[in-house]
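K.L.:
Got a structure for you, questions after.
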Amino acid sequence: MDIPSRERKSGKMIKKWTFVALLLIVLGGAGMAVEGFKFGDDYPAYTQRWEFDNQELKNLLIDSDYSLDVEFAPGTSNTNVVEISGNMDQKSIDRLKSIQLQDHTLNLELKERMSRLFNISFQNQTQHMKVSLSDPAALEQFKAVLNSSNGTFSAVEARQGEISADSGNIKLTNSRVDDLKLSTHSGSIRGSQHTGSSLHVATVSGNISFEDYSSDTIIEGRSGNIRAEQMQGTMTVSNKSGDVTVEEWKGDGTFKLSSGNLRIEDQRSNNLDITVGSGDAKISEDPEFRGFYDLKAKSGDVSAPEAPQQTKDVIKIRTSSGDIKID
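At position 118 of the sequence shown (counting the first as 1) the number is 139 in my numbering, and the numbers step up by one without a gap.
Spelled out as C-alpha cells, the structure:
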C-alpha cells in the first residue's frame, strides 16, 4: 500500500472514532438530562449537639473530608456547647452521634465514604459548627485538619491552634490564639484581625494574605504571593517564588526571597535583614529610623537617602539580580 492510501485510511479511522466519541457525549448528556442531573443520592441532614460543664472541654479536634464553617461565640454561664449540622452520609452521621468526650477531648471525625468520592453531587456539603464557650481561656487546644476541602473559621479562641489543609483554602477572622499554626499544601491562606503571641504560616503552593494581626509572625512560602497589612510584631518571611508586600507594619524583620519582588511601605522598623535573589527590594523611608543603611546589589542599582547614623540599628539589604530602593 502506497503512502497516500495509508494516509486516506488513517484519516477515515480518525473521523470514525471522532464520530463515536461525539455520539457517546451526546448520549451521556441526554441521560443526565433525563435523570435531572442527579449523579448520586443527596446526603441526609443532621444536627448534633454536645454540652459540657465549664472545665470539661479542653481540646477540640476535627478531622474532616468536608468543607467546614466554624464559628466561636460566647456561651452561657458554666456551660460549653459544640453544635454541628449539615449533610453527610448516614453512616458518618451515626458515627458522629456516638462520639463522646474523652480525657477532656472532643475528637470529631467527619469522613466521607470512598464510594461517594467518585460521584458528583450539587448538594452543599459544608458542615457548620458553632462553639459556645463560657470561658474561652479554658480551651487549651483547637485543631482542624482539612483533607481536600476548604475551611472558614471565625472568632476562634484557644491557647494553641492548628489548622491545616492538604488541598483547600483557609480563611480565619477575628481570632485570639496564643500559639497559632496555619498550613496548606495546595491552597491559599487568608486571615484578618488576629491577636496572639506567635503565628506560623506555611504553604507549598498558594497565596498568603493577612490584615490587622498582632503577633510575632513566621511565614514560609514556596510558590505564591505573600501580602501583609497592619501588622505588629517581629516578622520572619521566606518565599521561593512570588512577590512579598508588607504595608503598615511595626516591628523588626528578616526577609529571604529566591525569586520575586519585595515591597515594604509605611513600616516602623529599627532592624531589617533582607535578601533577594532575583527581584527588586523597595522599602519606604522611615522618618523615625536613626541607624545605618547597609545596601549591596550584585547586579542592579542602589538608591537611598543618607542614613541618620545616630544609633547602632541597621537596615541591611542584599540583591543578586535586582534594584534596591529606599524612598
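Just so you know, even glycine gets a beta-carbon here, dropped at the ideal spot from N, CA and C. Here the structure is a predicted model, which is why all the values come from computation and not from measurement.
(1) Is A179 helix, strand or coil by DSSP?
(2) Considering only residues of the same chain and omitting the five flanking positions on each side of E306, which have a CB-CB separation below 7 Å?
(3) Alpha carbon to alpha carbon, how far is G298 from Q253? Give it in angstroms, no decimals.
(4) First and last residue of the beta strand (DSSP E) that includes Q146?
(5) Using 8 Å as the cut-off, can you tell me whether the segment 331–339 makes contact with the segment 279–293, which would need three or more C-beta pairs spanning the two stretches below that distance?
(6) If you run the structure through DSSP and keep just helix, strand and coil, what is S113?
(7) Which two residues bound the contiguous beta strand (DSSP E) that contains G274?
(8) Would you tell me roughly how many angstroms separate the C-alpha atoms of I232 and V166, rounded to the nearest one?
(9) Where does K16 fall in DSSP's three states?
(10) With a Cβ-Cβ cutoff of 8 Å, do Q181 and E161 count as a contact?
(11) First and last residue of the beta strand (DSSP E) that includes Q123?
(12) Taking just the CA atoms, how far does T238 sit from N101?
(13) Would DSSP call A159 helix, strand or coil?
(14) Run through DSSP, which three-state label would A186 get?
(15) I think N108 touches D63, with their Cβ atoms under 8 Å apart; what is that distance to the nearest whole Å?
(16) In the structure shown, what three-state DSSP assignment does K333 receive?
(17) For the candidate residues I114, S153, F73 and S169, whose alpha-carbon lies nearest to that of L126?
(18) Is the beta carbon of Y234 closer than 8 Å to that of T147?
(19) The beta strand (DSSP E) spanning A15 covers which residue range?
(20) Tell me whether T224 is buried or exposed, calling it buried when 16 or more other Cβ atoms sit within 10 Å of its Cβ.
(21) Report yes if the C-beta distance between N171 and N195 is below 8 Å; otherwise report no.
(22) Considering F313, what are the terminal residues of the beta strand (DSSP E) in which it resides?
(23) Between the alpha carbons of R116 and G242, how many angstroms are there, rounded?
(24) For a quick check, are the C-beta atoms of V103 and L81 less than 8 Å apart?
(25) In angstroms with no decimal places, state the Cα-to-Cα distance between A249 and L89.
(26) Classify V265 as buried or exposed, calling it buried when 16 or more other Cβ atoms lie within 10 Å of its own Cβ.
(27) Do K164 and I83 have their C-beta atoms within less than 8 Å of each other?
(28) What's the call for Q121, buried or exposed, on a 16-neighbour Cβ count within 10 Å?
(29) Can you give the Cα-Cα distance for S262 and N75, rounded to whole angstroms?
(30) Take the Cβ of P157 as the centre, count every other Cβ of all protein chains shown within 10 Å, and call the residue buried at 16 or more, exposed below.
(31) Using only alpha-carbon positions, find the residue among Q330, A94 and K118 that is nearest to W71.
P.N.:
The relevant details are as follows:
(1) The residue given as residue 179 occupies position 158 in the sequence shown. The answer is strand: DSSP assigns A179 an E or B state.
(2) Position 285 of the sequence shown, counting from 1, holds the residue named residue 306. Taken in chain order, the residues that qualify are P326, I347 and D348.
(3) Stepping through the sequence shown from its first residue, residue 253 is reached at position 232. Stepping through the sequence shown from its first residue, residue 298 is reached at position 277. So the two alpha carbons sit approximately 26 Å from each other.
(4) Along the sequence shown, one-based indexing puts residue 146 at 125. It is not in any beta strand (DSSP E) - Q146 carries neither H nor E in the DSSP assignment.
(5) yes
(6) By 1-based counting over the sequence shown, the position of residue 113 is 92. Helix.
(7) What you label residue 274 is simply residue 253 of the sequence shown in a count that begins at 1. From DSSP, the beta strand (DSSP E) with G274 extends over G274 to S280.
(8) For the purposes of this step, residue 232 is taken as residue 211 along the sequence shown, with counting starting at 1. For the purposes of this step, residue 166 is taken as residue 145 along the sequence shown, with counting starting at 1. Note that residue 232 corresponds to Glu in the displayed sequence, not to Ile. Cα to Cα, the separation comes out at about 23 Å.
(9) Residue 16 lies beyond the stretch modelled for the chain, which goes from 22 to 348, so this question has no answer here.
(10) What you label residue 181 is simply residue 160 of the sequence shown in a count that begins at 1. What you label residue 161 is simply residue 140 of the sequence shown in a count that begins at 1. Yes, these two residues count as a Cβ contact at 8 Å.
(11) Residue 123 sits at position 102 when you count from the first residue of the sequence shown. No beta strand (DSSP E) contains Q123, which DSSP labels as neither H nor E.
(12) Locating residue 101 in the sequence shown gives position 80, where the first residue counts as 1. Locating residue 238 in the sequence shown gives position 217, where the first residue counts as 1. Roughly 31 Å separates the two Cα atoms.
(13) For the purposes of this step, residue 159 is taken as the residue at position 138 of the sequence shown. DSSP places A159 in helix when its eight states are reduced to three.
(14) Reading the sequence shown from its first residue, position 165 is the one you call residue 186. Note: A186 maps to strand in three-state DSSP.
(15) Mapped onto the sequence shown, residue 108 falls at position 87. Mapped onto the sequence shown, residue 63 falls at position 42. Yes, they are in contact, since the Cβ atoms of N108 and D63 sit about 7 Å apart, within 8 Å.
(16) Translated into the one-based positions of the sequence shown, residue 333 becomes position 312. DSSP places K333 in coil when its eight states are reduced to three.
(17) Walking along the sequence shown from the start, residue 126 turns up at place 105. For the sequence presented, residue 126 should be read as Thr rather than Leu. Cα-wise, what sits closest to T126 is F73.
(18) Within the sequence shown, numbered from 1, the residue matching residue 147 stands at position 126. Within the sequence shown, numbered from 1, the residue matching residue 234 stands at position 213. Taking 8 Å as the Cβ cut-off, T147 and Y234 do not qualify as a contacting pair.
(19) This structure leaves residue 15 out entirely; the chain is present only between 22 and 348.
(20) As a working note, residue 224 is residue 203 in the sequence shown. By the neighbour-count rule (16 or more Cβ atoms within 10 Å), T224 is buried.
(21) The residue labelled residue 171 in the question sits at position 150 within the sequence shown. The residue labelled residue 195 in the question sits at position 174 within the sequence shown. Not in contact: N171 and N195 (Cβ atoms no closer than 8 Å).
(22) Reading the sequence shown from its first residue, position 292 is the one you call residue 313. Note, F313: beta strand (DSSP E), F313 to S320.
(23) To locate residue 116, count along the sequence shown from 1; it is residue 95. To locate residue 242, count along the sequence shown from 1; it is residue 221. Roughly 37 Å between the two C-alpha positions.
(24) Within the sequence shown, the letter at position 82 stands for residue 103. Within the sequence shown, the letter at position 60 stands for residue 81. Yes, they are a contact pair.
(25) Numbered from 1 along the sequence shown, position 228 holds the residue referred to as residue 249. Numbered from 1 along the sequence shown, position 68 holds the residue referred to as residue 89. The straight-line gap from Cα to Cα measures roughly 25 Å.
(26) Your numbering for residue 265 matches position 244 in the sequence shown. Looking at its Cβ environment, which holds 16 or more other Cβ atoms inside 10 Å, V265 is buried.
(27) As a working note, residue 164 is residue 143 in the sequence shown. As a working note, residue 83 is residue 62 in the sequence shown. Yes, the pair counts as a contact, with Cβ atoms nearer than the cut-off.
(28) Position 100 of the sequence shown, counted from the start, is the residue given in the question as residue 121. It is exposed - the Cβ of Q121 has fewer than 16 other Cβ atoms within 10 Å.
(29) Along the sequence shown, one-based indexing puts residue 262 at 241. Along the sequence shown, one-based indexing puts residue 75 at 54. Those two C-alpha atoms are separated by around 47 Å.
(30) Here residue 157 refers to the residue found at position 136 of the sequence shown. That one is buried.
(31) As a position in the sequence shown, residue 71 is number 50, starting the count at 1. It is K118.
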